[in-house]
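Right, one structure below, let's go through it.
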Amino acid sequence: MELSSDIVRIVSALSTWWWMILGLMFLLYIALDGADLGAGIFALFSKDEEERGAIMASMAGFWDGNETWLVVAGGVLFGAFPLVYGSAFNFLMIPLMIALWGIISRAVAFEFHIHARSSKRLWGWAFAIGSLTAPFFAGVSLGAVLQGFPMKSGIAMSGIASRGFTTPVMHYAGGAMNFLTPFSIWTGFGAVIAAGLAGGLFLCARFLPGDVIHERAKSWTNLFSYLALIAIVITLVWSYAIFPWAAAKWTGPNWWIWAIWFVIVLFFAFKSMTNHSMQHDFTALLWGEGVVVLLWAAMWATMFPYIVPGTWTVHAASNPANSMAVFTLFMTGFVPVMIMYNWYQIWVFRGRFTKKSVYGAH
């Protein structure tokens, strides 16, 4: 009995650890690649192909490194929470497939645009449209996951059943379009707004003040700052109305913690906007990313102990203790290495540009 309780504690600790790592991986992807995606959304409204090329060149040093975090998040989900990996990818097959198409089209456009002659405009639009498609359908997927999805027990594996054992396997029980709800569509638009704001801050930090792209991005960011604040309020109110697990935490005994957290979010947003107005562009970008960190951490904490609200808890969805122990032993060390690599990459390519100076590189 004592050994059994020890195993339960180990599984609980390791699954919680990997739940936190999973949240960190998604956060790093959203914070870093979200700015790239937002810059691509800005490119949809560019007046000429030279501007799109300059925007692409401004992120050429690290956009692919940013996307690494999404790949790692998928690996963590597969290695630590395979039941969620299997059921969620079944549930979200359509929106994730379209989001992946957007990411792929951006990557192909990056490589082809610089070499193209007659088709340069085609690849510029592929980059811009892919940048819009990816965050929208990723946001739709997030909203759908927050609403949970139906599961049911399936038939045992034939090899096991033939020996007289029955092991029910949980699998997704809904339809292909179950992900599509008013809330998930709204979170898709919310993701586009958030990416648009991050992209505007990124472009202001990458291009020199007075440059045509910097000035247009500055006006764009002013607009999206207010859109983002409105989107945050709408999402919080809507979530409170439809998610009992969220309402119970936000208005429970520890309501004051959530209230303070929200005030801190507003303070970070205010600092980002004021620094942006004073053309302290990199500082404004950091404060803006701080808002992303705070909101994501609040969502992740609100969901706990669920990894998929109403469907999978963190502990129920995790691998057995021996698998989790091996996974932890071999994979945890890669996290700080990747963080250091990404930080060094950003530091190396931290310079600022003008539209004319950088277009020749793309």
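The sequence shown stops at residue 1367 when you use the numbering used here, and every number in between is there.
For every residue, glycine included, the Cβ atom is placed at its ideal position computed from N, Cα and C.
| Item | Value |
| --- | --- |
| Best match in Ile1190, Asn1259, Trp1261 and Gly1091 for proximity to Ala1178 [C-alpha to C-alpha] | Gly1091 |
| Closer than 7 angstroms to chain C by CB, Asn1095 | Protein chain content of the structure displayed is limited to a single chain, and chain C is not contained in it. |
| Sub-7 angstroms separation of Ala1236 and Ile1198 beta-carbons | yes |
| Which residues DSSP lists as bridging Thr1318, in chain order | Tyr1311 |
| Met1175 - partner residues in DSSP beta bridges | Ser1158 |
| Those residues which DSSP pairs with Phe1339 across a bridge | Phe1339 pairs with nothing; no bridge assigned. |
| Buried or exposed (CB count within 10 angstroms, at least 16 for buried), Gly1180 | exposed |
| N- and C-terminal bounds of the alpha helix (DSSP H) containing Ser1244 | Val1217 to Ile1247 |
| Extent of the continuous alpha helix (DSSP H) run through Ala1200 | Pro1187 to Arg1211 |
| Own chain residues within Cβ distance below 7 angstroms of Leu1082, not counting five before or after | Leu1027, Val1089 and Tyr1090 |
| Whole-angstrom distance between His1320 and Lys1223, CA atom to CA atom | 45 angstroms |
| Ile1218, buried or exposed, once every other Cβ within 10 Å from all chains shown has been counted against 16 | buried |
| Phe1403 classed as buried or exposed, judged by whether at least 16 other C-beta atoms fall within 10 angstroms | Nothing can be reported for residue 1403: it is not among the residues displayed for the chain, which extend from 1006 to 1367. |
| Residues near Gly1293 by beta carbon distance below 6 angstroms, same chain, minus five either side | Leu1206 and Ser1277 |
| Beta-carbon separation (whole angstroms), Trp1128 vs Ala1121, contact threshold 8 angstroms | 5 angstroms |
| N- and C-terminal bounds of the alpha helix (DSSP H) containing Gly1091 | Pro1087 to Phe1096 |
| Euclidean distance between Cα positions of Phe1273 and Met1304 | 17 angstroms |
| Option in His1176, Trp1022, Met1030 and Ala1044 with minimal Cα separation from Gly1201 | Ala1044 |
| Test item: CB-CB of Ala1203 and Gly1039 under 7 angstroms | yes |
| Selection from Trp1225, Leu1185 and Asp1286 that minimises the alpha carbon distance to Phe1050 | Trp1225 |
| Local Cβ density within 10 Å of Met1025, reported as buried at 16 or more and exposed below that | exposed |
| Alpha carbon of Trp1022 to alpha carbon of Leu1300, nearest angstrom | 20 angstroms |
| Nearest neighbour of Leu1037, chosen from Ala1114, Ser1020, Ala1048 and Gly1066 [CA to CA] | Gly1066 |
| Beta-carbon proximity list for Ser1020, same chain, < 6 angstroms, skipping 5 on both sides | Val1319, His1320 and Ser1323 |
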